[in-house]
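Residue numbers for the sequence shown follow numbering that gives the first Met the number 0, beginning at 0 and rising by one. Below you'll find the structure, written out as C-alpha cells, and then a few comments.
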Amino acid sequence: MSVHVKEEPVLVPNCDVENTELAVFNGNGESELENFGTCVDEITDRVNQLEQKVVEVEHFYSTKDGAAQTNTSKSNSGGKKIAISQPNNSKGNSAGKEKSKGKHVSSPDLMRQFATMFRQIAQHKWAWPFLEPVDVKGLGLHDYYKVIEKPMDLGTIKKKMESSEYSNVREIYADVRLVFKNAMRYNEEKEDVYVMAESLLEKFEEKWLLIMPKLVEEEKKQVDEEAEQHANKQLTMEAAQAEMARDLSNEVSKCKTDYQLLIYFISGHLL
C-alpha cells in the first residue's frame, strides 16, 4: 500500500523592488530555481545602485570636511586682517571684463559720483594732452610702444564709460591712473607733459579718496551677501544629502532583509 504525501507549496521571496513580499509557488523545482535566480539578479542590481549612492554621499562629505579644514587652517594662519588695497598698476593693466566676474559691481549712484569726478579732471585746463590717444606716428615717437605697454587716454575711458564697459569704479580708476602714469613714464620730469600729468594725478587721487568710504561699504555689503548665498546653497546641498543618506539606510535595510530571506529559502530548498 503506497502512501501519497501531499507536496506543500513553497514560499519564496517575491523580488519586486517596489513591493517585497512572499510569493507562493507549487512544488515545481524549475519555477522555484528560476525565481531564486531572478531574486539574486535583482538584489545584485540594487546593491550596485546602493554602492553608487554611497560613493556620492561619501564624496560630498569628504569634500565638505576638506573645505572646512582648509578654511580653519587659513583662519588660524596668524589672524591677520585683510585690508582693501588700491589696484596694482605696475604693469598698467586695467581690470578687464573677464576679471570683474564675481567681483564688486558698483551701484549706479557710485558710478555717477565717479563720472562727476572724472568730468572735473577731463575738463581741467591741463587735461588737453590726455584727451585723445597719443599720435605716435605724427609725433615721431618711434620707441613709444617699447616703453608703454598699454596706451590709454581720457577720451577712450569716456567712451567705455558711456557704453557701460566698466562694471565698477576701481576699473575706471585704474585706467585713469594709467593715462597719467604712462605720460610720466615716457616723458622727462622737466617736460611740461610730465608736470601736467603729475599734477592731474594728484588732484585725481584726492577726489578718489572722497568716494572710498562708500566704495568700501558697497564692497563689504556684496561680500556679506555672497557669503550668505553660499551658506544657503550649502545648507540646501546638505539637506539633500541627508535625505539621500536616510533613503540609503532604508534601502540597505530592505536589501539585507531580502537577502536573508532568500538565503533562508534557498537553504530550506536544498535540504
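Think of the CB as a built atom: it goes at the ideal place given N, C-alpha and C, for glycine as much as any other residue.
Please report the residue range of the alpha helix (DSSP H) in which residue i lies.
i, result
"Asn186", "Neither: Asn186 is in no alpha helix (DSSP H) and is coded neither H nor E."
"Ala114", "107-121"
"Lys145", "143-146"
Please classify residue i as buried or exposed, where buried requires at least 16 neighbouring CB atoms within 10 angstroms.
i, result
"Asn47", "exposed"
"Lys145", "exposed"
"Asp44", "exposed"
"Met211", "exposed"
"Lys255", "exposed"
"Asn231", "exposed"
Let me check understanding here. Comparing Cα to Cα, which of the options lies closest to residue i?
i, options, result
"Tyr165", "Leu130, Ser105, Phe129", "Ser105"
"His103", "Lys219, Glu242, Asn231, Asn249", "Lys219"
"Met116", "Gln240, Glu205, Ser248, Glu237", "Glu205"
"Val185", "Thr235, Met151, Gln51, Met236", "Looking at the sequence itself, residue 185 is Tyr, so the reference to Val does not match. Ranking the options by Cα distance to Tyr185, first place goes to Met151."
"Leu199", "Phe113, Glu190, Gln119, Gln51", "Gln119"
"Ser162", "Tyr193, Ala114, Asp134", "Ala114"
Does DSSP put residue i in a helix, in a strand, or in coil?
i, result
"His229", "helix"
"Asp191", "helix"
"Ile156", "helix"
"Leu199", "helix"
"Lys149", "coil"
"Lys136", "coil"
"Ala126", "coil"
"Glu170", "helix"
"His103", "coil"
"Lys255", "helix"
"Ser162", "coil"
"Glu204", "helix"
"Glu131", "coil"
Please look up how many angstroms separate the CB atoms of residue i and residue j, rounded, as I've assumed it's under 8 Å.
i, j, result
"Lys272", "Leu109", "With the chain represented from 0 up to 270, any question about residue 272 goes unanswered, as that position is not in the structure."
"Ala182", "Phe129", "7 Å"
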